[in-house]
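Heads up, the sequence shown is in my numbering, so the first residue is 18 and it goes up one at a time.
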Amino acid sequence: MTDQLDGSPLLAEVLGDAVEPLRVFHVKLAQEGEPRGLIGPRDVDIIWERHILNSAAIVPFVREATDGVRYKTVADVGSGGGFPGLVAAACLPDHEFTLIEPMERRVEWLKECRDEMGLKNVSVFRARSEEVIDAMRRDRSLYPYAVVTCRAVAPMTKLAGWTLPLLKSHGRLVALKGRSAQAEIDKAAQEIGKQRGVNPRVVDAQVGPGLEPTHVVLVDKR
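Dropping the structure here:
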């Protein structure tokens with residue numbers, strides 16, 4: 018099955034130098050993603066738009082959050098098939114990414130993709146975010162992250178507690194969300210504040226020329 022955006026100049030326009038490793042990722046997703054339970058059967062001909070370009074929409078927000086920051090570290094929580102972590106890592110080779118994923122079969126997938134894409138800035142860590150948070154509290158040599166990213170992991174009432182403790186002071190959560198993003202923020206206001214989150218907001222993120230934008234939740238850490 019052919020992807021609707023295969024051969025489109027839009028890909029290089031949006032993804033720049035990352036387009037080549039992401040072509041490798043696209044081929045692997047098209048061949049193995051559905052049988053390995055990482056994408057749905059109706060996604061096979063829209064992988065570029067639904068998964069890769071959608072994930073890449075967070076890149077400007079990550080770059081903005083790390084502007085002027087010495088250690089450009091990013092934790093991607095619940096990385097699953099590699100969205101948005103692998104895509105963002107391909108687009109941001111000067112950032113260090115830690116992909117946090119509890120399921121062994123998905124960890125294997127992430128490592129395979131990382132190696133085949135030639136990404137030198139990606140570590141894959143099999144754990145739940147709560148385990149990483151606990152480890153950071155016990156071991157002061159483990160530094161918090163400048164940015165935490167995620168996509169379709171949990172509602173904000175849960176996500177705040179799974180992500181904000183991973184951030185350093187003045188770090189930022191960048192979460193890809195659906196149309197209910199503002200309602201999620203409103204419902205989670207108390208939990209966000211409890212986790213030292215400030216200025217939660219929803220922004221439209223451009224996916225590509227002529228494509229529907231997506232929604233991103235940004236929360237800063239005090």
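Virtual Cβ for every residue (Gly too), placed ideally from N, Cα, C.
Legend entry - Secondary structure of V86, DSSP reduced to three states: For the purposes of this step, residue 86 is taken as the residue at position 69 of the sequence shown. In this structure, V86 counts as coil in the three-state DSSP scheme.
Legend entry - Distance, R59 Cα to G99 Cα: Here the question's residue 99 lines up with position 82 in the sequence shown. Here the question's residue 59 lines up with position 42 in the sequence shown. Each residue's Cα considered, the two are about 18 Å apart.
Inset, instruction - State the Cα-Cα distance for the pair G54 and L190, rounded to the nearest angstrom. - result: The sequence position of residue 54 within the sequence shown is 37, counting from 1. The sequence position of residue 190 within the sequence shown is 173, counting from 1. For G54 and L190, the distance between alpha carbons rounds to 27 Å.
Inset, instruction - Say whether the region 205 to 217 touches the region 152 to 169, bearing in mind that this needs 3 or more beta-carbon pairs closer than 8 Å, one atom from each stretch. - result: no
Inset, instruction - For N216, name the three-state secondary structure that DSSP assigns. - result: As a working mapping, residue 216 is identified with position 199 in the sequence shown. Looking at N216 - three-state DSSP - the assignment turns out to be strand.
Legend entry - Inter-stretch contact at 8 Å, needing at least 3 Cβ pairs: the region 86 to 105 / the region 20 to 30: no
Inset, instruction - Note down the Cα distance separating V236 from G102, rounded to an integer number of angstroms. - result: The residue given as residue 236 occupies position 219 in the sequence shown. The residue given as residue 102 occupies position 85 in the sequence shown. Roughly 18 Å between the two C-alpha positions.
Inset, instruction - Starting from E51, follow the alpha helix (DSSP H) in both directions and report where the run begins and ends. - result: Along the sequence shown, read from residue 1 onward, the residue named residue 51 stands at position 34. Where E51 is concerned, there is no enclosing alpha helix (DSSP H), given that its DSSP letter is neither H nor E.
Legend entry - Nearest to R80 (by Cα), restricted to the options P26, L70, A106: Working through the sequence shown from its first residue, we reach residue 80 at position 63. Comparing Cα-Cα distances from R80 to each of P26, L70, A106, the minimum goes to A106.
Legend entry - F100, enclosing alpha helix (DSSP H) - first and last residue: Translated into positions along the sequence shown, residue 100 becomes position 83. Unbroken run through F100: none, as it is neither H nor E.
Inset, instruction - List the DSSP bridge partners of L39. - result: By 1-based counting over the sequence shown, the position of residue 39 is 22. Paired residues: none, contrary to the question.
Inset, instruction - Count the C-beta pairs between the region 133 to 142 and the region 180 to 196 that are closer than 8 Å, then say yes if the count reaches three, no if not. - result: no
Legend entry - D237 beta carbon near the ligand NAP (any heavy atom closer than 8 Å): With respect to the ligand NAP, the structure offers nothing, as it holds no ligand at all.
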